[in-house]
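Below you'll find the structure, written out as structure tokens, and then a few comments.
In the numbering used here, the protein residues as written are 13 to 340.
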């Protein structure tokens, strides 16, 4: 008997990539699959999705389409979970696509040991845009990504039991809901590990992700959106030290031009300016260090300071806008 696997897809204005995502799901070799699509789009995505479902060979898979108001990624993921019925959960974002044996291979791993709660997979992503700015973001993101680990649970492929133990996603999170959830899971991981539960790595299982909006004209919107995570108190408390350091570094980026101007006008407090400069270049040095450690060598590293400065300019306003929005 093949147990039911639930593939959950959260969509928000992804009409350009959602067809490829759904086609990769409908082509899965595993036979007993339920597909739950939660769509909060305000563009033509609903029409594109419905046409895809009608035209594609769904191979008898149960397909459930839910259209909902835009309340953030966390709320959409929770809606998908509540609308699904399988004991095995597979999250596939709308801008992702997976190989044909993705579900079947994962289910084989689950059947090896009932104590396996989570399968941590490799994420391979690439920019849809060309140009040095997109290449710089790609390099920056690659160098920042944590290596694949079995020392925490991931939500991408897991048993439903994980959500019974860790809880659902933060409904108020418009971004980084998965990071906040993982930080919560890490706090429980050691206790659950002593009970025999575990996460396993499957580096041969790959989720492909196409990153969009990696241009100078578009990336500011993503940066504003990402900045909203710092207005989420639960997210901040989950890893207070790391988030405090990140906010300090962001503030140093935003205020550096004023510091530079003040220094050249007054020629005073040079030691403070030097300190500010060191803090300013710290993210670039860290990116270079991580890139070298992973043997990533590229000339686009030279553009990294501009990228980090550009991103920081919009991260802080994004946090303030989200905090103001939540307050009213």
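By construction, the Cβ of each residue, glycine as well, lies at the ideal position given by its N, Cα and C atoms.
- Between residue 98 and residue 238, is the Cβ-Cβ spacing less than 9 Å? Their beta carbons are not under 9 Å apart, which means residue 98 does not touch residue 238 by this criterion.
- Item | Given residue 77 as reference, the closest of 334, 299, 34 once Cα atoms are compared | Of all alpha-carbon atoms in 334, 299, 34, the one lying nearest the alpha-carbon of residue 77 is that of 34.
- Message: Below 8 Å on the Cβ atoms is my contact criterion, and I expect residue 204 with residue 177 to pass it. Report the Cβ-Cβ distance as a whole number of Å.
- Response: 7 Å between Cβ atoms; contact.
- Message: Between the alpha carbons of residue 100 and residue 122, how many angstroms are there, rounded?
- Response: Residue 100 and residue 122 have their C-alpha atoms some 9 Å from each other.
- Determine which residues share a DSSP beta bridge with residue 283 and list them. Looking at the DSSP assignment, residue 283 forms no beta bridge with any residue, so it has no partner.
- So is residue 42 buried or exposed if we call it buried at 16+ other beta carbons inside 10 Å? The residue is buried, with at least 16 neighbouring Cβ atoms inside 10 Å.
- Query: Between residue 333 and residue 222, is the Cβ-Cβ spacing less than 9 Å?
  - Reply: No, Cβ-Cβ distance for residue 333 and residue 222 is not below 9 Å.
- Query: Can you list, in chain order, the residues of its chain whose CB lies under 8 Å from that of residue 194, leaving out five sequence neighbours each side?
  - Reply: These residues qualify, in order along the chain: 164, 165, 166, 167.
- Nearest to residue 136 by CA position, among 147, 219, 284, 25, is which residue? Here the closest residue by C-alpha is 219.
- Item | residue 120 classed as buried or exposed, judged by whether at least 16 other C-beta atoms fall within 10 angstroms | Counting Cβ neighbours within 10 Å, residue 120 comes out exposed, since fewer than 16 surround it.
- Query: What are the boundary residues of the alpha helix (DSSP H) that residue 36 is part of?
  - Reply: Looking at the DSSP string, the run of the alpha helix (DSSP H) that includes residue 36 is 30-38.
- Roughly how many angstroms lie between the CA atoms of residue 286 and residue 260, to the nearest whole one? Cα to Cα, residue 286 sits roughly 16 Å from residue 260.
- When you compare each of 133, 142, 154 to residue 304 by their alpha carbons, which one comes out closest? Residue 154 is the option with its Cα nearest to residue 304.
- Task: Label residue 215 either buried or exposed according to how many other C-beta atoms from any shown protein chain fall within 10 Å of its C-beta, with 16 as the threshold for buried.
- Result: Exposed.
- Task: Could you tell me the distance, in whole angstroms, from the CA atom of residue 429 to the CA atom of residue 201?
- Result: Only positions 13 to 340 of the chain appear in this structure, which leaves residue 429 out of reach.
- Output the distance between the C-alpha atoms of residue 170 and residue 18, rounded to the nearest integer angstrom. Approximately 10 Å, taken between the alpha carbons.
- Task: Within its chain, find whatever has a CB closer than 7 Å to the CB of residue 292; leave out the 5 residues flanking it on each side and keep chain order.
- Result: The answer, listed in chain order, is 264, 265, 268.
- Message: What does DSSP give as the partner residue(s) for residue 332 in the beta ladder?
- Response: According to DSSP, residue 332 shares a beta bridge with no other residue.
- Task: In the DSSP assignment, find the alpha helix (DSSP H) that holds residue 152 and state where it starts and stops.
- Result: Its alpha helix (DSSP H) spans residues 144-156.
- Residues in its own chain within less than 8 Å of residue 338 by CB, not counting five upstream and five downstream? If we look at residue 338 and ignore the five residues flanking it on each side, its Cβ neighbours are 184, 243.
- Message: Using 9 Å as the threshold, is the C-beta distance between residue 299 and residue 156 below it?
- Response: Contact: yes.
- Message: Let me confirm a value: residue 103 is counted as buried when at least 16 other C-beta atoms fall within 10 Å, else exposed. Which label applies?
- Response: Label assigned to residue 103: buried.
- Message: Once the 5 residues before and after residue 146 are set aside, which same chain residues still bring their CB inside 6 Å of it?
- Response: Hits under 6 Å: 139, 226.
- Beta-carbon proximity of residue 45 to residue 106, cut-off 9 Å: Taking the C-beta atoms as reference points, residue 106 is found no nearer than 9 Å to residue 45.
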